[in-house]
Every structure is written in C-alpha cells, then in structure tokens.
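In this note's numbering, the protein residues as written are 42 to 1035.
By construction, the Cβ of each residue, glycine as well, lies at the ideal position given by its N, Cα and C atoms.
Here the structure is a predicted model, which is why all the values come from computation and not from measurement.
Structure first, then comments.
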C-alpha cells in the first residue's frame, strides 16, 4: 500500500476492540523467558539497585502484558500471534539475532551443525573472516538454529531480548507489523512510536500505565521503557525509592548516568580517605582489612567459662583455615588461634562448632559440656502462652552488650589484604586472629561512636527507631534483646554508615542501602571449595569462595551466633555506579508517589499490579531495616514522603482484613480507569482459598475477568521457603457492564461448563494450527487447565448477584473456618470440566470417563512427563482438579523443578493397599500385577489374580488392555514397558475358557 493510499490513523478507532491478550498469549515461551531472566541473578536489569527485593516480576512478562493489552485481536489469530512473537523477539529471526549477540556458535562449531558449501566465504583459519558483517553471520545462524528441536533449546543459548541492541534486533520487524495493522494506519519504526500509535487508537493519547503496588519497580519501569506514561505508587517508601531508581537511574540518559557514577566515586573516595586517616582498617605493616569475623560468647552456667559461639569454626575451605580454641584457665575463657593449611581431619573436626542443635557444646579437660540455648536465655512460658526470656532489653543508647549480658560479642578473625596488592586487580589475602593492636583499633572505633551516638541519632545519621513486634522482627528482641534498629550494627558498622549517611543524596542512596546490607550483624560468613561437575569430577565448574553474605539473601531478619562484616575496602565497590547500561532509556512521563493503593486519584488506561497475598514476603517489616536509617534525613526528592512502613495500613495476611484492603484498592483503580480500560492482576497461585478471595474482590471492585494465563516462574534457588514461586497467574479484567444481573447456582454450573468447553476447544484448535506450522504447540496442559479457572471467572464476575446475595456483600462478609462457598464449588467444577476434556493421547474418551480422580491424575501426569514436564505446580494443580486426597503419596520427587511420579517399581505395598486411593482402583491393581511380572510371575497367574480381585473383570478387560498399552508407551522404565506389553497381550488374547 503506497503512502498516498495508506489510511490515516484515527484516534479511538480501537476503542472497543478486544485486546490480543484476551484471546491468545504464548505462555510457554513467555514462561521460559521469564525463568531465563530470573535465573540470571545479579545480571537482571533492576537487581543492581537492590539485591534484597526479590519479589519483582520478570520484565519480559511485563513487556508481554503491556503489548498484549494494546495490540488488537484480528480475525486471524495465528497471524496475530506471529506478529506478537516478532515484537517479543520470540520468532526465529529474533532468536537468530539474539544467538548471534551471545556468540552462541564458534566458527568451529557451526560446520558440526550444518553443511557450509563455501567455508572460505565465512571462515579464515579457526575463526570468522574479519570482513564479515552481522548479516553475513546471520545466514549461518539461521540454519544452525533450525537444527534445534524446540524453542527452549534455541532461547537457552541466546541473550535475553533486553540485552541486545534494540534497533538492530527489531529492524526486520516493523515492516511486518505495519502491514498486519495497515487497516488502522499504523506506521511505527520503534517501540515508542508503536506504543504511542496504539494508545491513540485505543485511548486518544499515549497510553498511561499504573501500578499501585510498585514494589521493586519492574512494572512501571518496563512500561516506561516501552514508551508508556507511567504512574507508580506504594505505601512503603523503600519500594517507592526503588521504583524511582529504576526509572531515573537505570532508565537515565548516558549523560545522567555518568553524573551518578561520578558522584558515587566522589563519596567513596572521600569516605575512604577519612577511614584511612582514622587508621581503623590498616595494620602497622600497611595491610588493610577486607572482612571482620565476630562471634557471640556466653558463660557456661556449670563451669563459669566464657565460651565463643559458632556453628562451625571453618573459615576457608579452599585454604584449609580453621579456628582452634585454646583454654585460658586463668581467665576461664578460650584463646582463639587461626590455623592455615590444616589436615583433612582437622577440617572435619572444625565443622562441628560450639553451637549444635540448639545447644552450646564445648570440650574442657576431655569432658563435653552441653547447655541448651533456651537455658542460657532463661526461656519461660508467659501467661498468654507465648515464650519469654530473661535477656536484657537493650536501651536506645546501647550499641554493644553490657558486661553482664548473657551474650557478649567478640572479634575472632580478620581477613587481610596484603599491602603490596591493595590496588592490584587480583589481591592476595590471609586470615589472622586479632592482635592487641587490632583490639585497640576496635576500642578506638567504640570510643568514637560512644562519644557521638546521641548527637548522631538526633541528627538522623544513626537510627533511634524502635523495633515493632512482627513476624520477622519479634525474633530480634526475643533472641538477642535488641529493641532499636541500630542494635543490628556494631560500632565499626555504625561509624562507616554515619560517614556515608552524611553524604547521602539521590545519587548515593542505592550504594548506601547496599552498604547497610553488607555490614550488619545479620550477615554471615560463607566459605566454599572449588566446585566440580557431578558428571565429570575432573571438570571444575566454579572457583573457591570466602565472603560475607548480605542480610537479605534470605528475605528475613536472622540473628546469627557468628557474623561477618565487610570492611570499607570492599564496601566501596558498591559505589562504582555499576548499573547495567544500554537497557533502554525512559523518556516518557513518570510519576512516583508514596501512598496507599486505595488513595489513587489519577486516571490510568491500564493498571498492572502484583498485589500482596497470603504467603508474601513481609516487606512492610523487613524494609524498616532501611527506613530506620533514612526516616529523619531522607535525601531529596524523597523528603516529601512519609518515612514509615505504616504497617497498620499495609495489605497483608489473609482473611477478612486482606479482602477489605484489596477491595478498597481495586475499587479505587476501577474508578480511575476509562470504560475501555484494562486491568492485569498477577499473583502466585497457592490455594483455592486465595482464588475465592480474589473472585470476591473483583466482584466488589466492579471488575469482570476476560482472560487468565498461567506463567511458570518456578525457581529452586531461593533460601526462604516462601521464595519457591509456584507460577504466576495473570488475570485480565475490564469494567463489569452496568446493570443488575442475577445468577443461580443451578444455571451457573452449565454456563461455566459451556464456557470452559468453548475456551478449551479454541485453544486446542490454535495448538493444532501452530503445531502444524512450527512443530510445537502454544499451550500445554497446565495452560489449558488454567483456562478452566479463567472461564469460571469470566462467567462468575459478569454477575452482580449469586442467588439472593449481592456479590459485594459476599466478598466482604467474614468466612467461617473450613467454609466451602458456592464460588469454591463452581471454580472446582470448572477445573474438573477442563481436566476431563484433556484426555491423554492414547486413551479413548470412554475409558477416561470411567476412571477415578487418582487414576486420571496418574495417567495425565505420566503423559505430561513424557513431554518433559517436571514442575511441581503442575502436579499440585491437577491433583486439585481431580480431587486427589493425598497426591504426595504417589510422588517420587516433590522438588519444585524436578517433580515426578513414583515409578512402577518404586511403589511399596503400603502405597497400594485397599485403603489407599490408588490401591482401590483398577490402575492400582494393574501396578501390582506389573510388579509381580517383574518378579518373574507368569502372566497367566497375574491375569487369574486380576480376575479374582475384579468383580467386573470381563466388562472392563478391554479398558485394562488400553491402560496397559498406555503405560507401555508412557513409562520410563524399559523393564516395565516389556511387562506391560506382555500382560496387555495376554489380557487381549484371553479366551472365555481361560
């Protein structure tokens, strides 16, 4: 179409058009890319601002949601999906460019994958010809990637889309995009242009995206990076600070980034100079401390000896460095000796510290003394049933233990950097016990802090904020007696942070927060030796490591018996301004506010939120660790915010309080959204109770669900149990049409079933279409099952009354413990309907319909395992859908990313008894029969036993044959495959007289 005949872009032309995300969404590819991003650790774009905020949603997921909410759905769903994947760089050309950016294939590797007719045109010697362009190399990269059999295999060797030069990556895309949407006059050549034009078509202006639970800032950052105007708010000022940093530091121009880096280096150099002048990190030889290792000490009530406490006395596994305790009988305490290069036996002995299993354990004169920690603390039961103790509660003026406190603190080792290598790229270090001179330096620091503590607290340079009780914070005064936030830092850390806080600013705060995260008493010392491959023990996969681990590696406030602190010689690296570059500039309008979600008063076209839910991290508590330092003197422009966690206002927990807070928040967002606006709500699917709560919340907020997608974002790398993200449910919602609509259970159930069937059939049709073209489907079984929930939500949230009960009243009324509401029943029916439609390949529908829930679960998961499924959430979701009572009993592994069923050979007799779910079924009896076959029992004897145990044997014999055929093809055990084949053939050929 020529420029003269191209239609003009007409504002609001797409005002009422369905969004692409309402009909199609490449969930498997988005899931893989989301996991790839999460597993990149510190290489994630926003991680450099704050390692401690681990709850950010992947940027690639946010990008997919924003684009999917703006792009229209046409009559050609497959073409829509193709264009969407091009814009996400999920298509073959995008993958080739991403792989090339990663240098995925060496010049020597390519000829092993593909035939290169004219090698001299590409290679010179063992490498590429120097005159080749990227386009030249792409010719071979496209061919090489075509040899890979799955999207995951291709994407695994490629860079993430955001890591590649955006102009080059998307250069081939815009012509196809403009052709596909030519009827609306689209003419875009970059994402900001595309976003602006799509916004004009839908809303008459550049789209505005809002997030009232902005947290770590991933949603507003990615929306702004694409070109949307953004509004971000959060009750927590630390969350707002992180969001502001994402937009204004990570998203800053190169010139502004250079200014930030210069400012951080200036502060680091100034503080370094001051610390050097004080002489508190150097010894007389000119060596400089890298890390300080401290431990608690407690007096044994039986011997009166003062005992250093640590769970292990190993300092370095790479260098075989340990602590050795030497009795000082005169002073009834232990001298500490640091021994290097010790034997394997000595290393083994040092692994057992003086803290074991909740007891203080030490040896004196060949006698082992044990005292429970609770005895040392003086634990006792209070009238309300809680546990109290006799630890002294520290005062606001305290920064170290009193001489008569139960727990004392002791410096027991220092890691030094040699004078000669202080400025070298590879430093040489050694460990030593503190000398008298070292202890005098510690005393010097304590005297400086003691002299100025009150003044610094008044000035806001050191916290004077009390620690409030909470799920995370109560343990601080229960286990240590700490009552104020500065008690979590010793004198050396307090002095360092004061010197930094004096110079804090909008450019410095990320480095200041990171410094606090590395110098607290809640940091621990970690040591590891060289790591080697399990498959090939001779192949080294990682180097040895000795370092101080930050407080929030576990998103919790854990006091340790031994702790470590980085010296400023290492902390100053946090002031290097090392933020990822080339990840996109934010040039659109941005607003960041510190306020509750229900206080929103600015209209946004699209709201995208990741709200708190029942098992979320207690950020409102743990961020007080940082709020305490900034509350009196927050740097500009943050000084206008309320510097308090405002715990009482935070939406948290579950039950009535949770629902009321969420309803207020989403009601406000719905009010400040145009009639054709869209909301996306992401949450981690944990329980049907939370699902029921969310349905009620959306009802009361006047929202209707129009689509739901399930994104697998599991990871097993988090230390905190709550960090095992099971998967993200992405709900798309619009305003519910005006007017009253009453629904009754007996009519709703058929409507839900019909909607489920319609949704599943549509998705299966698209699967077949895409599989024919690309060789792999769009949706897997989990996605299809999630469509059942989506269908139920679509139907239910369209009503204003269920029976005689107003949906808002239903949403807000208190729940009785164990209550199963009509909503719970309908959602469960939807899940069952969806699951019943998913007949595993190789089974006839009539056989499937006769199976019990546990049988369907077993066969469905066996079928999924043949396709490589190994995610625990798949098993959890299908167990709920099939109403399996105890699915864990048939599981061989419950690991988040490597879950699996028990193999036939792994079932014990107790697992298959008549009283168990599986044992009472035909499938359970077949498993017993197969186990007998593997013990060389004759097939006829097994058949006779089955006939004796099954009253309906003759009727269901063809079904048993089909089940055995299915097991034969699905099992991963060769011997079981053979047994199933033999037993199936014997049953199939059974004559009536046999």
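State the Cα-Cα distance for the pair residue 259 and residue 502, rounded to the nearest angstrom. 30 Å
Could you tell me which residues DSSP puts in a beta bridge with residue 649? 721
Name the DSSP beta bridge partners of residue 429, please? 421
Can you tell me whether residue 758 is buried or exposed, with buried defined as 16 or more other CB within 10 angstroms of its CB? For residue 758, the predicted model reports a pLDDT of 40, less than 50, meaning its position is unreliable; a value from the coordinates is still stated below. So residue 758 counts as exposed.
Following the continuous alpha helix (DSSP H) through residue 232, name the residue where it begins and the one where it ends. 232-244
Under 8 Å, do residue 922 and residue 873 count as touching if we go by C-beta distance? yes
Only counting the same chain, and skipping five residues up and downstream in sequence, which positions put a Cβ closer than 6 Å to that of residue 433? Counting only Cβ-Cβ distances below 6 Å, and skipping sequence neighbours, we find 446, 522.
Looking at the strands, I want to know which residues DSSP matches up with residue 515. DSSP, once it has assigned bridges, lists no residue as partnering residue 515.
Report the CB separation of residue 536 from residue 556 in whole angstroms; it is logged as a contact under 8 Å. 12 Å between Cβ atoms; not a contact.
Residues near residue 182 in its chain [Cβ-Cβ closer than 6 Å; skip 5 each side]: Listed in chain order, the non-local C-beta contacts of residue 182 below 6 Å within the same chain comprise 137, 140, 141, local neighbours out to five positions each way being set aside.
Run of the beta strand (DSSP E) containing residue 926, from where it starts to where it stops: Per DSSP, residue 926 belongs to no beta strand (DSSP E) and is neither H nor E.
What's the gap between the Cα of residue 479 and the Cα of residue 323? 9 Å
Start-to-end residues for the alpha helix (DSSP H) that takes in residue 373: From DSSP, residue 373 is part of no alpha helix (DSSP H); its letter is neither H nor E.
Tell me whether residue 403 is buried or exposed, calling it buried when 16 or more other Cβ atoms sit within 10 Å of its Cβ. Its Cβ being crowded by 16 or more others within 10 Å, residue 403 is buried.
Using 8 Å as the Cβ pair cut-off and three pairs as the minimum, do the segment 1014-1028 and the segment 974-985 touch? When Cβ pairs closer than 8 Å are counted between the two stretches, the segment 1014-1028 is seen to touch the segment 974-985, the count reaching three or more.
Distance between residue 619 and residue 305 (C-alpha atoms, nearest Å): 10 Å
With H, G and I counted as helix, E and B as strand and the rest as coil, what does DSSP make of residue 957? DSSP places residue 957 outside both helix and strand once states are collapsed to three, so it counts as coil.
Near residue 418, which residues of its chain fall below 8 Å by C-beta distance, leaving aside the five closest residues on each side in sequence? 430, 431, 432, 447, 520
Can at least three beta-carbon pairs, one atom from the segment 268-280 and one from the segment 624-633, be found at a separation below 8 Å? yes
When the Cβ atoms of the segment 702-714 are set against those of the segment 741-751, are three or more pairs found closer than 8 Å? yes
In three-state terms, what does DSSP make of residue 383? coil
Just to confirm the assignment: which complete alpha helix (DSSP H) runs, minimum length 4, are found wholly within the segment 434-513? 477-500
According to DSSP, is residue 757 helix, strand or coil? Since pLDDT at residue 757 reaches only 41, below the 50 mark, its modelled position is unreliable, and no value is offered.
What whole-angstrom Cβ distance do residue 615 and residue 689 have, given they're in contact under 8 Å? By a beta-carbon distance limit of 8 Å, residue 615 does not contact residue 689. Their separation comes to about 33 Å.
Is residue 357 helix, strand or coil by DSSP? DSSP, read as helix, strand or coil, puts residue 357 in strand.
Close Cβ partners of residue 932 (< 8 Å) along its chain, the five nearest in sequence each way excluded: If we look at residue 932 and ignore the five residues flanking it on each side, its Cβ neighbours are 916, 940, 941, 942, 943.
Could you check if residue 623 is buried or exposed, using at least 16 other CB atoms within 10 Å of its CB as the buried criterion? When all chains shown are included, residue 623 counts as exposed.
Beta-carbon gap between residue 602 and residue 350 smaller than 8 Å: yes
With a cut-off of 8 Å on the beta carbons, I'd call residue 883 and residue 1006 a contact; round off their distance for me. 7 Å
Assuming contact is defined by CB atoms lying nearer than 8 Å, are residue 226 and residue 60 in contact in what I supplied? no
Could you say which of 364, 369, 332, 334 lies nearest to residue 346 if we only look at CA atoms? The shortest Cα separation from residue 346 among 364, 369, 332, 334 belongs to 369.
Short Cβ contact (8 Å threshold) for residue 749 with residue 878: no
DSSP state of residue 740 mapped onto helix, strand, coil: helix
Residue 767 - DSSP class collapsed to helix/strand/coil: Note that residue 767 scores 46 on pLDDT, short of 50, meaning its location in the model is unreliable and no value can be drawn from it.
Residue 717 vs residue 56 beta-carbon contact at 8 Å: Taking 8 Å as the Cβ cut-off, residue 717 and residue 56 qualify as a contacting pair.
Under a three-way DSSP split, which group does residue 113 fall into? strand
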